[in-house]
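A.B. asks: Pasting a structure here, questions to come.
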Amino acid sequence: MNPQMLFWIPAALRMLLIFAVSAVAWFFWGPVCGLLLCLMSMVAMVVLQLYYLYRLGGWLDNPRGEKLPDGWGAWTDIFSRLYRLRRDDEKNQAELSEWLARFRQAMHLLPDGVVIMDDVLFLEWCNPAAERHLGLQHGRDKGMRVTNLIRNPDFIDYIILGRYDQPLMLTLRERKLVVQIIPFENRRQILVTHDATESERIDMMRRDFIANASHELRTPLTVINGFLEIAQAHPNLDPNVRAGHLKMMTEQGHRMQNLIGDMLTLTRLESIDYPMRPERVNIHAMLKNILQEVEVLSAGQHVFSLRVEGPDINGSTEELRSAFNNLVSNAVRYTPPGGKIDLLWQNTMAGPQLVVRDSGIGFSPEHISRLTERFYRVDKSRSRETQGTGLGLAIVKHVLLRHGGTLAVESTPDKGSVFTVRLPASIVVEKADLLND
Ligand SMILES: Nc1ncnc2c1ncn2[C@@H]1O[C@H](COP(=O)(O)OP(=O)(O)OP(=O)(O)O)[C@@H](O)[C@H]1O
Ligand SMILES: [Mg+2]
């Protein structure tokens, strides 16, 4: 049955009961008594209705503070329905607040920026990532026009042209941002920002690497091809000249081989599929061995000294050997004949360190931050003379990264350089006896 009927039938029955009782009173005690009874019942009903109306009014003014009475007659049903409505409403509100809190939290954690604007680009809301990317402050800028807050000509053009199907690449506050506007709900628009600085940097590094590697490989190949063409064009070339050409071709071949070898080493060091296998590294033996090798390179033109005061360590012998060898051979290659090269392996409070000091050509401080970049050479022409590819220090950096170490560089032009490898104390095996060579 219709709930409205359930509400009206008892009320109508109650009225009928009053009339019936009044009629009985009329019949037995006369019309005055009957009418009086009817009137009194009506007045009581009206007073009751007014009382409940008053309580309802009070409750409507303050539904949370006031409590509704249980009611009588039809009011019981009305009040219970109102209670149910309020309970449902409270439940909905709690759910809504919970969703809102979750949404806010998600928006706070989102690495991408989200800005909500109205149809005339007035800022309504933005998340912390958008504040960082665009330099906005929600509390301060709310209600202001976004084009007044982001004063960038490319961004303003993007808004004016309204080609929102395409994202816009924007350089803002020294960051590369991908920005896109998405209209929604007719009268609102969302501005989404994505920080592409890191991926752009990696892309640029990759492009640079390919360009540099191709360039480095092209030079020796050009030399080899040139000599091969000469050999073909002049079959009766003087044997001495031919021997000279062959020598240069062999040198260039080795250069390419070294370059490819270094590139493969770097790729391997960067790869996560190439885990480091730590073992006990006998630093004393390693440094002695490296010294013997570089003495051949030096051909007796430099004075060397080696002091090993530090302990053996846990690490990759092969990787550390290649890193230390690069530092020492750099010292030889960039130190003119008669110069001095000192190697010191020592333990410090922070951990063991290798100091490679030379009295060579050095370089000015502005190069220091770029030395470990791939293919970076302070003086390209000189480096070419020394057959350098500019990958050595990049390899050193990666090896040290894998061992938790760092490289510190100090240098003075024409005075010399100091390269210090600092390793963490955690990789020390034990203290070695003081050994001086
Ligand atoms: N001890 C040093 N004294 C002066 N300059 C140095 C020294 N060590 C490195 N450099 C400079 O840093 C640059 C980068 O060194 P790195 O070892 O990476 O490359 P390279 O020696 O040129 O080539 P590679 O080591 O790959 O054969 C060198 O080209 C050189 O200009
Ligand atoms: Mg080198």
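Using this note's numbering, you'd call the opening residue of the sequence shown number 365 and step up by one each time. The beta-carbon is built from N, C-alpha and C at its ideal position, and this holds for glycine as well. Here the structure is a predicted model, which means the values were calculated and not measured.
1) Output the residues surrounding ligand 2, defined as those with a CB atom closer than 6 angstroms to any ligand heavy atom, in chain order.
2) According to the Cβ coordinates, are V645 and T681 closer than 8 angstroms?
3) Candidates I759, D483, L630, M379: which alpha carbon is nearest M406's?
4) Out of R539, A560, H579, H731, which has the shortest C-alpha to C-alpha gap to I624?
5) I'd like to confirm the pairing. Which residues does DSSP put opposite D482 in its beta bridges?
6) Should L808 and V763 be called a contact, given that it needs their Cβ atoms to be closer than 8 angstroms?
7) For F809, is the beta carbon positioned less than 7 angstroms from some heavy atom of ligand 1?
8) Can you tell me whether DSSP reads F668 as helix, strand or coil?
9) How many angstroms separate the CA atom of D482 from the CA atom of Q544?
10) Counting Cβ pairs closer than 8 angstroms, one from the segment 514–524 and one from the segment 582–597, do we hit at least three?
11) Pairing CB atoms from the segment 780–791 with CB atoms from the segment 702–722, are three or more of them under 8 angstroms?
12) Whose C-beta lies closer than 7 angstroms to the C-beta of D647 among residues of the same chain, with five residues either side of it excluded?
13) Of the choices A465, L651, K506, T511, whose alpha-carbon is the least far from that of D706?
14) If you count every other CB in all the chains shown that lies within 10 Å of the CB of A758, and 16 or more means buried, which is it?
15) Return yes when the C-beta of V742 is under 7 angstroms from any heavy atom of ligand 1, and no when it is not.
16) For S723 and G780, which I take to be in contact (beta-carbon distance under 8 angstroms), what is that distance rounded to the nearest angstrom?
17) Given the structure, does D559 come close to ligand 1, in the sense that its CB is under 7 angstroms from one of the ligand's heavy atoms?
18) Could you check what DSSP says for G422 in three-state terms: helix, strand or coil?
19) Expressed to the nearest angstrom, what Euclidean distance is found between the alpha-carbon atoms of Q553 and W489?
20) Given this structure, state the Cα-to-Cα distance separating F739 from V696, to the nearest angstrom.
21) Based on the DSSP output, what are the partners of N604 in its beta bridges?
22) State the Cα-Cα distance for the pair L799 and V792, rounded to the nearest angstrom.
23) With DSSP as the reference, identify every bridge partner of G679, one or two as the case may be.
24) Would you tell me roughly how many angstroms separate the C-alpha atoms of L381 and L400, rounded to the nearest one?
25) Counting along the chain, where does the beta strand (DSSP E) carrying K534 start and finish?
26) Under DSSP, the beta strand (DSSP E) around G780 begins and ends at which residues?
27) Measuring only from the beta carbon, is D529 closer than 7 angstroms to any heavy atom that is part of ligand 1?
C.D. replies: Quick answer:
1) Listed by chain position, these are N690, N694, G752, G756.
2) Yes.
3) It is M379.
4) If we check each option's Cα against that of I624, H579 comes out closest.
5) Looking at the DSSP assignment, D482 forms a beta bridge with R552.
6) Residue 808 lies beyond the range of the chain shown here (365 to 801); nothing can be said about it.
7) Outside the displayed range of the chain (365 to 801) lies residue 809, so it cannot be described from this structure.
8) It is a strand residue.
9) So the alpha carbons of these two residues sit roughly 15 angstroms apart.
10) The segment 514–524, when compared against the segment 582–597, does not touch it at the 8 angstroms Cβ threshold.
11) Verdict: yes, contact present.
12) With the sequence shown as reference, residue 647 is identified as Ile, and Asp is not the correct amino acid for it. Closer than 7 angstroms at the Cβ level, and outside the excluded window around I647, lie V672, G674, D676, I677, W709.
13) When each option's Cα is compared against that of D706, the closest is L651.
14) Per the 10 Å Cβ criterion, buried.
15) Between ligand 1 and the CB of V742, the shortest heavy atom gap is smaller than 7 angstroms.
16) Separation of the CB atoms of S723 and G780 is rounded to 4 angstroms, and the pair is thereby assigned contact status at 8 angstroms.
17) D559 Cβ: outside cutoff for every heavy atom of ligand 1.
18) In the structure shown, the three-state DSSP call for G422 is helix.
19) If I take the Cα positions, the gap works out to 11 angstroms.
20) Straight through space, the alpha carbons of V696 and F739 are spaced by roughly 19 angstroms.
21) In DSSP, N604 forms no bridge with anything.
22) The predicted model places L799 with a pLDDT of 49, which falls under 50 and marks its position as unreliable, so this point remains unresolved.
23) Note: G679 sits in a beta bridge opposite E643.
24) Spanning the two alpha carbons is a distance of roughly 15 angstroms.
25) In the sequence on display, residue 534 carries Leu and not Lys. Element bounds for L534: 532–536.
26) For G780, the uninterrupted beta strand (DSSP E) run begins and ends at 780–786, by DSSP.
27) No, ligand 1 has no heavy atom inside 7 angstroms of this Cβ.
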